[in-house]
Each structure stands twice: as structure tokens, then as C-alpha cells.
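The listed protein sequences derive, respectively, from chains A and B.
For the first sequence, our numbering gives the first residue as 1, with consecutive numbering after it.
For the second sequence, our numbering gives the first residue as 428, with consecutive numbering after it.
For glycine and all other residues, C-beta sits at the position ideal for the given N, C-alpha and C.
Remarks on the structure that follows.
Protein chains: 2
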Amino acid sequence: MRQTLSEKNADVTVMIDRLGRQAKSAAGVLALASAKSKEKALRLAASALRCRSAKLLTANAADIAAAKEKNLSAASIDRLKLDPDRIEAMAVGLETIAGLPDPIGEIMASWPRPNGLIIQRVRTPLGVVGVIYESRPNVTADAAALCLKAGNAVILRGGSESLRSAQVIAEAITEGLLKADLPEYAVQLVTTSDRAAVGALLQLQNYIDVIVPRGGKSLVERVMVEARVPVFAHLEGLCHSYVHQSADIDKARRIVVNAKMRRPGVCGATETLLVDRKIAPAILPLLAKDLNQAGCELRGDAETCVIVSQVIPATEADWSTEYLDAILAIKIVTDLNEAIDHIARYGSHHTDAIIAEDKQAAEKFLTEVDSAIVLHNASTQFADGAEFGFGAEIGIATGRLHARGPVGVEQLTTFKYKLRGTGQIRD
Amino acid sequence: MRQTLSEKNADVTVMIDRLGRQAKSAAGVLALASAKSKEKALRLAASALRCRSAKLLTANAADIAAAKEKNLSAASIDRLKLDPDRIEAMAVGLETIAGLPDPIGEIMASWPRPNGLIIQRVRTPLGVVGVIYESRPNVTADAAALCLKAGNAVILRGGSESLRSAQVIAEAITEGLLKADLPEYAVQLVTTSDRAAVGALLQLQNYIDVIVPRGGKSLVERVMVEARVPVFAHLEGLCHSYVHQSADIDKARRIVVNAKMRRPGVCGATETLLVDRKIAPAILPLLAKDLNQAGCELRGDAETCVIVSQVIPATEADWSTEYLDAILAIKIVTDLNEAIDHIARYGSHHTDAIIAEDKQAAEKFLTEVDSAIVLHNASTQFADGAEFGFGAEIGIATGRLHARGPVGVEQLTTFKYKLRGTGQIRD
Numbered sequence: 001m002r003q004t005l006s007e008k009n010a011d012v013t014v015m016i017d018r019l020g021r022q023a024k025s026a027a028g029v030l031a032l033a034s035a036k037s038k039e040k041a042l043r044l045a046a047s048a049l050r051c052r053s054a055k056l057l058t059a060n061a062a063d064i065a066a067a068k069e070k071n072l073s074a075a076s077i078d079r080l081k082l083d084p085d086r087i088e089a090m091a092v093g094l095e096t097i098a099g100l101p102d103p104i105g106e107i108m109a110s111w112p113r114p115n116g117l118i119i120q121r122v123r124t125p126l127g128v129v130g131v132i133y134e135s136r137p138n139v140t141a142d143a144a145a146l147c148l149k150a151g152n153a154v155i156l157r158g159g160s161e162s163l164r165s166a167q168v169i170a171e172a173i174t175e176g177l178l179k180a181d182l183p184e185y186a187v188q189l190v191t192t193s194d195r196a197a198v199g200a201l202l203q204l205q206n207y208i209d210v211i212v213p214r215g216g217k218s219l220v221e222r223v224m225v226e227a228r229v230p231v232f233a234h235l236e237g238l239c240h241s242y243v244h245q246s247a248d249i250d251k252a253r254r255i256v257v258n259a260k261m262r263r264p265g266v267c268g269a270t271e272t273l274l275v276d277r278k279i280a281p282a283i284l285p286l287l288a289k290d291l292n293q294a295g296c297e298l299r300g301d302a303e304t305c306v307i308v309s310q311v312i313p314a315t316e317a318d319w320s321t322e323y324l325d326a327i328l329a330i331k332i333v334t335d336l337n338e339a340i341d342h343i344a345r346y347g348s349h350h351t352d353a354i355i356a357e358d359k360q361a362a363e364k365f366l367t368e369v370d371s372a373i374v375l376h377n378a379s380t381q382f383a384d385g386a387e388f389g390f391g392a393e394i395g396i397a398t399g400r401l402h403a404r405g406p407v408g409v410e411q412l413t414t415f416k417y418k419l420r421g422t423g424q425i426r427d
Numbered sequence: 428m429r430q431t432l433s434e435k436n437a438d439v440t441v442m443i444d445r446l447g448r449q450a451k452s453a454a455g456v457l458a459l460a461s462a463k464s465k466e467k468a469l470r471l472a473a474s475a476l477r478c479r480s481a482k483l484l485t486a487n488a489a490d491i492a493a494a495k496e497k498n499l500s501a502a503s504i505d506r507l508k509l510d511p512d513r514i515e516a517m518a519v520g521l522e523t524i525a526g527l528p529d530p531i532g533e534i535m536a537s538w539p540r541p542n543g544l545i546i547q548r549v550r551t552p553l554g555v556v557g558v559i560y561e562s563r564p565n566v567t568a569d570a571a572a573l574c575l576k577a578g579n580a581v582i583l584r585g586g587s588e589s590l591r592s593a594q595v596i597a598e599a600i601t602e603g604l605l606k607a608d609l610p611e612y613a614v615q616l617v618t619t620s621d622r623a624a625v626g627a628l629l630q631l632q633n634y635i636d637v638i639v640p641r642g643g644k645s646l647v648e649r650v651m652v653e654a655r656v657p658v659f660a661h662l663e664g665l666c667h668s669y670v671h672q673s674a675d676i677d678k679a680r681r682i683v684v685n686a687k688m689r690r691p692g693v694c695g696a697t698e699t700l701l702v703d704r705k706i707a708p709a710i711l712p713l714l715a716k717d718l719n720q721a722g723c724e725l726r727g728d729a730e731t732c733v734i735v736s737q738v739i740p741a742t743e744a745d746w747s748t749e750y751l752d753a754i755l756a757i758k759i760v761t762d763l764n765e766a767i768d769h770i771a772r773y774g775s776h777h778t779d780a781i782i783a784e785d786k787q788a789a790e791k792f793l794t795e796v797d798s799a800i801v802l803h804n805a806s807t808q809f810a811d812g813a814e815f816g817f818g819a820e821i822g823i824a825t826g827r828l829h830a831r832g833p834v835g836v837e838q839l840t841t842f843k844y845k846l847r848g849t850g851q852i853r854d
């Protein structure tokens, strides 16, 4: 007998509820697990992943075949695809996270009170983290490892296209957990591709402490609308590079080309270039040549089109489009203030850079642009946890609460206050 | 012509939306305001409040009269009531917050990267804070001052019973803002007593960065269910004091009486006393005498009733009731582990204390009890921002994200990353 949709949804809800209960219980054990056992679990997971290399390649080939049948784009299929090098990189990633300092128990601050009480602020795990992501299989390993290192249990809900690959990766992590005597439910993968599972996770207030959505705009928007659980918002990266009139032209050319074209599809890629009117005639023809050579399409405002040919006139929509592609919008501005205003109006509070030799202008930009990451004389593509020295990241948070910028191990923790007294009572 | 309910709700939504827009715009100015101007505004607000003392007493008398007509409880009326001393305390509170170190711009961490980039984590304001609270008029002054000090704009929605008083307080703060050349919309009071205003605030995702609900269980629960905006959860304080078998009996008596009876109505008051079986016969008769003399009703489990007379048998409901009153539930436990398990099952992750001379037992308790505040040999009534040295607080957060424990100025801030380079591009 076929199930009705509401019966199916009820089944999914029951399943997600069970995962939640198991995660909560595992989180209680993990919170008190030693640094050594967490490190051991991650190193053993890396070995288990290497041992499963052939099995993982077979599972991944089945994922790819199914994706081709569904006519997924070449870019999606590339993101999905594993090869021996990518599997080795994933194992090394697990070992890198294993080797990070353990954050739990760190005394973040300590101060005495006049009555003799000693107050300590001590780092603790967040509890249960839900990660909802799309097709890249390595997120399964990275997210699980970061959560585990921070003493959290995690429920992973990857893209349905990568489910077979993710299952093999999760299996390797479970092996690591069990061999290190940690609870197997510390890392759980949602194994149904039913989309109702995402909705059920977003409602799991009793068990999940925070949801990390890592994926495209539509996923993130769904999460923001439906979630009853706190979310580390990961909105789009509408990043700007701004060339101030005091910029060194060679430096600016190198930085802008890198900021756009190193990898145009990452969230830290520059989408809009702002150029001071005074320097535009000197730099734009050179930059246009560099970018054209690198295969970048240019869309400029009217003034840009006058200075450079081969520029498509930009429309209003271009200032708020995250291309994630080899396309750059260019706008000429009068000065620093107009640049700051433009970023405030169209930006996504992710990552923005100024290129300037005038230090005062640079400091004003760094202070006044309200983004998670602001840079002076460097590429916006540095918006990345590993580049910050965090070892790895789950994503770049654009929200303002708790985590902002790269979400690494430390951002997946919270704290408690320990007060030690000798019989103090309050007046 | 009378308005229909939906017309009224639409009006309220339009009004709240306007407050939100104004707050967002003020927040942009405040984020860049100097430490000096914020301090000046708060000191001038304190003066303006003192000047309005007579006007405030008149407004408060009208609030009290209306509350009596509505047959509010004596306790509610007491919370509502102002007198010259309470007004002076409020003014001093504004000055205390004015004198705290300015948190904005503080370099929280700084590190170089191998490529020469210097990364700084710098403290910034949260943006726009919404505070929803009940009848105590001083919250209007405290919450406004804490938010302002942290560079945030705030929208205040107090209890309708205290609206007349709150309006005079808000007027004084606005005077301080204007005299210090800060935006008048930095602090705004919702002046309708229509409950739809709360619902509208909870939906104001475009303008409000975080909601702080400060009040009783029903308010907080409504906020948790309806909010589309992030919330600093302030759930109940189901706090425990646990007397370990190694406790010093005199110390334990002093601490427990204070933890329960100093002010039984605060969220940090102990609601349940756990006592090790080995020490129960020695301490419980003495403690029962102390507590009875202090006017406290005792409700105990079966074993407690055997040891002490004048104890009402406790029911299962007593372990999860926040009395906020002169009532204490008492349970005898076998050992530390049973105490920790009881707190995990019935506690609210707020504040819990162990009384013990055995340091190892105390450390185990401090580590394993998953509460915002854990204490050794001190009263749970220290759960208070001022007692932590935070100057003042909006409340005690029981959530795990961003703010946990007392919410003072620092907890009302966030951060950004400033990266300074010399032309770095990413490989």
C-alpha cells in the first residue's frame, strides 16, 4: 500500500525526532570527553576513510551517474565528484582538525570580586548542531570533524545527490568514534532524501541548539523562514573591492583580478568593483585588459562605459547580484563616503576590501563598513577559515549573533561561568 | 467610526515598522559615536531624570491608581511603585553605566598570518535591540542605558501598567541624547499598550537584530514561539543548592538560607535543595529550623519528611516548579552523581551551587552541571550582572548562543574582523 504524503511526513518527523534524542544524549557524553579521545576519534576516522577509498569511489560513481541522469549542471557534478586526491585531502582535513588545540575547558577570562568570589568564564560545547548543506561530499567530513572537536553532537543533512558518498564518509567517522570509545550517535547522517527532513530538523527546538545552513540562496532563505531553532545565518557574499584614489595601481590590479577571478564561485569572490572617479581613467583600462584576459565579463555604469570599451552597461540589478561567476559589476564613485554608502545599501555584510595607500582612508573604511570581514590592501578571497588560521570552517556567518565571519571550532562553542567561594552570601 | 481589530493591528504594524526603520538609521550613527558622547548622553539623562522627579512621581501615581483599579496583586503594585529613593537609584544606575569602559573598538584578539596579513577581531555594536519587559519601571532606564553604552539603538516595550512612568523616563533619556548630539531615535518607547505591538516587534527581521525578553514565563514563552528575530532566551531560574556530604554545616546553613530567602522572588533564588543522604540527619533539622524562622515553607521527599517534621510531602511537580516565593523543595540524594542527574533532569540551565569541602567533588559539579552559572560554596543569589562586575544587566540568559548568564554591556556587542595587508593575494 502506498503511503500518503502526510503519512510519509509523519514517518520523517519520527525519524528526525529519534536522531535528535540520540544526538542530545551523545552530546552529554561528548561534553565531558577528553581532548585525547576526540583527537583519537578524528585520526582513526581519517584512517577508516582511507581504507574505504575504493568503496567511496564506487558510491560516488553511483551518485554521479544518478546526477547525470537528472541532468545536473557540469559545475554541480564537478562539486559532487571525488577522486583519490580529493579523498586524501578529506582525510588530511580530518587530521588537521584533530591536531587543533582542544577548545573545551579553556579559561577565557578570570577575575576576583571584592567579596573574594573568583569568577571564571570557561569554554564549553554548544550541544547539538544541525548542519544542512548541499552537494559537496567533503562538507560531511569537515562539518562532522569541527563539531566533534568542539565537543558537539551533530546531525548532518547533505544534498540528496551526494547521499551515497556521504553514507560511506559517515561510516568512516562512526568507526573512528567507536574505536575511541565515543558515542556512535555523536555524528549522525540523515539518510532519507525526503525534503520533509529539512523542515523537521528546523523545528527540533528540544534537541538542536543551532542550525548551520551551508548552501545556496534558496536553501538559506528556506532555513531563515522556517527555523524555530537558532541559526547561524550564512547569506550570500555580495563582496566589494573599492579602489581609492590613493591606490597603488599595480597593487590594485593584482588584488582585484585575484579577488574576482581566483575562484569566481566562492562566497568571498568580489562581485562589484567600486573605483574613485579621480583614479578611474588611469586604472580602469588596465584593469579591464587584465580581467578580459582572465575571461571576465564586465558590466559598468555609464561613466565606466565611457572610459572602457568592451563593457556591458550595468542595470540596477547588477549592484545586488551575487554572480558566483566570471562577471564583475563596476561603478565609479566620487569618494570614500559614496563607496561606504554603496556597500551599506547593496552589500551583504560579508566581506569588503579597500585598496588605498592613504592609511586614514583605509581606517575609516575598516571602521565604517559594517561587514563580518573588512580588508585593506588584500584580496576578498581571504574570507576563509583556513586563511584565518582556524584550521577549517563550516562556512562564513553573515549574522551578527554568536558567530560572525568564518565558523571554525571556536565559533561552535559557548561558555559557562564558574564561581568559587568560601561561604559568600549576598547582602 | 470605530476601528475593526484588523485595522487596529495594521496601524500597530505600521507604527512598529516606523520605529524599526528609525532605530536602524539611529544605529548607524550610534555605531560610530564616540565613547565620550555616549557617556555624556547617559550623564545628562541622569540629570534630566532627577529634574523630572516630581513629574515622574505624578505619572507613577496614575499608573498605580490604574493598577489598583485593575486589582493587580500587591507584589505587582510594589514592583511598579516609584519613590524618590527609587528614582535616585535609577539616576545613579544611569551614571554607573555611563562610567563603565566603552566596549566598542576594543581589540579582542590580534594575530599575524604567515603571508603577512594582520587579523584583528574588533568589538562592534549589535545594531538594534528590542527589549520586551514587564512592569518594573527601572528596566526602562537600565535597558536603554546598557544598549546605548554598547552603541546599539533600542526599542523598549514595557508593561502597559507602567506606561505613564516609562514615558517620563524615556523623555529624560531622549533629552540626554539630544543634548549630546546623538540621534533621538536611539532610544524609542512603544507607547501603545496594544498587545499586537509585541507580535509586530517579534516579526521585525529587517530592523531588529535581537530581542531580549525580560519577564515571567508566559511572556518568555510567547516570545520563543512567535519570534522571527533572534532571541536571548531568558527562561525561568529553577536553581538548585546541593549540600555534599563533605559540606561544612555552618557554611551550608548560611548559604542555603541566603540562596532561598534573601529575595525569594528573583530568578537566582534557590528553588530546590538537594542533600546527600550521609549528611542529611545532621544538617536538615538545623536547616529546617533556620528556614522556618525565616518564614519559608518546606516541601520534602519521603526521606526528608522522616528526618524533619513540619515538612509538607513534595509531589513530582515540586521538582520543576519555580516558586519565586518563600517555598523550598527538598530532596535527599545518594551522592554527587544523583545530584547532577537531578539537576540535568529538572533544572533550567540557569544557576546551580554545590556546598562542599571536598574540592574534587566541587570541581566535578562545576564541570558537569550544564548551567550558565555554577557556584562552589556561595549563594545562588549571586546570579546578577552587578555582582559579576558588569555594572548592570538586562537579565540572565539561559540560552547557549551569544549571551549566556548575565547580559551586560559586553553581551550586547558583536565583532568584526579587520585584515590589514600590503597587497596580499590568495594562491
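Check whether residue i and residue j have beta carbons under 8 Å apart
| i | j | result |
| --- | --- | --- |
| A:I332 | A:R277 | yes |
| A:C239 | A:T315 | no |
| B:I823 | B:G664 | yes |
| B:L662 | B:S775 | yes |
| A:P137 | A:A166 | yes |
| B:A819 | B:G812 | yes |
| A:V210 | B:L828 | yes |
| B:E784 | B:S673 | yes |
| A:T380 | A:S218 | no |
| B:N579 | B:L469 | no |
| B:L583 | B:A572 | no |
When the options are compared against residue i, the one with the closest alpha-carbon
| i | options | result |
| --- | --- | --- |
| B:D717 | B:D745, B:K687, B:H829 | B:K687 |
| B:T840 | B:V693, B:V581, B:S620 | B:V581 |
| A:H376 | A:I118, A:H244, A:P285, A:E322 | A:H244 |
| A:D85 | A:K68, A:S53, A:L100, A:I77 | A:S53 |
| A:A344 | B:K451, B:L484, B:D444, B:V617 | B:K451 |
| B:I800 | A:K418, A:F388, A:G405 | A:K418 |
| A:L202 | A:K364, A:L100, A:V131 | A:V131 |
| A:G116 | B:F809, B:P539, B:R831 | B:F809 |
| A:S37 | A:P183, A:E297, A:G93, A:I87 | A:P183 |
Buried/exposed call for residue i, threshold 16 Cβ in 10 Å
| i | result |
| --- | --- |
| B:C478 | exposed |
| A:I509 | The displayed coordinates of chain A run from 1 to 427. Any statement about residue 509 of chain A would go beyond what the structure contains. |
| A:R195 | exposed |
| B:Q720 | exposed |
| B:D608 | exposed |
| A:P112 | exposed |
| A:Q310 | exposed |
| B:T849 | exposed |
| B:M428 | With a pLDDT of only 48 at B:M428, under the threshold of 50, the placement of this residue in the model should not be trusted; the figure read from the coordinates follows. Label assigned to B:M428: exposed. |
| A:L82 | buried |
Helix, strand or coil at residue i [DSSP, three-state]
| i | result |
| --- | --- |
| A:Y207 | coil |
| A:L298 | strand |
| B:P541 | coil |
| B:G526 | helix |
| B:D621 | coil |
| A:D290 | helix |
| B:V836 | coil |
| A:E509 | Not covered by the structure: residue 509 of chain A. The range shown for chain A is 1 to 427. |
| A:D443 | This structure cannot settle anything about residue 443 of chain A, because the visible part of chain A is limited to 1 through 427. |
| A:L32 | coil |
| B:V683 | helix |
| B:L609 | coil |
field: Every unbroken beta strand (DSSP E) inside the stretch 307-369 of chain A [3 residues or more]
entry: 327-333, 351-355
- prompt: Of all the alpha helix (DSSP H) runs that stay within the bounds of the stretch 546-602 of chain B, which reach a length of 4 or more residues?
  reply: 565-576
message: Going residue by residue through the stretch 796-828 of chain B, where are the continuous beta strand (DSSP E) segments of at least 3 residues, counting only ones entirely within it?
response: 800-805
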